[in-house]
Amino acid sequence: MSAQIVSFDVEKASRYIERVFKGYLMDPADTDFQKGYLAALLDLYTEGLGKGLDDDRITILQRQTRHD
């Protein structure tokens with residue numbers, strides 16, 4: 001039995017997440033659901049896939065997840 005709970009195709013996952021990010025950059029998250037979904041994708045992208053750590057767009061998207 002594998003120790004991995006979930007296995008991702010990194011390239012496919014990255015392409016999907018990057019498309020979603022582009023959408024949120026053009027039309028910012030404004031509902032609690034969208035903010036939560038975006039926060040989960042940001043976590044997966046940066047922590048799970050190790051991508052975008054030095055990308056200014058990630059910082060902009062992280063600001064959208066705040067509940068002001």
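Position 22, counted from 1, in the sequence shown is what this note's numbering calls 22; the numbers after and before it change by one each time, with no gaps.
Glycine is no exception: its CB is placed at the ideal position from the N, C-alpha and C atoms.
Since the model is a prediction, treat every value here as computed from it, not as a measurement.
Just checking my contact of residue 41 with residue 17 at CB under 8 angstroms: how many whole Å lie between their CB atoms? As a position in the sequence shown, residue 41 is number 41, starting the count at 1. As a position in the sequence shown, residue 17 is number 17, starting the count at 1. With a beta-carbon spacing of about 5 angstroms, residue 41 and residue 17 fall inside the 8 angstroms limit used to define contacts.
Closer than 8 angstroms is the cut-off here; do at least three beta carbon pairs connect the segment 57–67 with the segment 24–32? Result yes; three or more Cβ-Cβ pairs closer than 8 angstroms.
Taking the C-alpha atoms as reference points, what is the distance between residue 33 and residue 55? The residue given as residue 33 occupies position 33 in the sequence shown. The residue given as residue 55 occupies position 55 in the sequence shown. Distance from the CA atom of residue 33 to the CA atom of residue 55, rounded to whole angstroms, is 24 angstroms.
What does the Cβ neighbour count give for residue 8, buried or exposed, with the cut at 16 atoms within 10 Å? To locate residue 8, count along the sequence shown from 1; it is residue 8. That one is exposed.
C-alpha distance - residue 19 paired with residue 48, whole-angstrom precision: Counting from 1 along the sequence shown, the entry for residue 19 is found at position 19. Counting from 1 along the sequence shown, the entry for residue 48 is found at position 48. A straight line joining the alpha-carbon of residue 19 with that of residue 48 spans about 17 angstroms.
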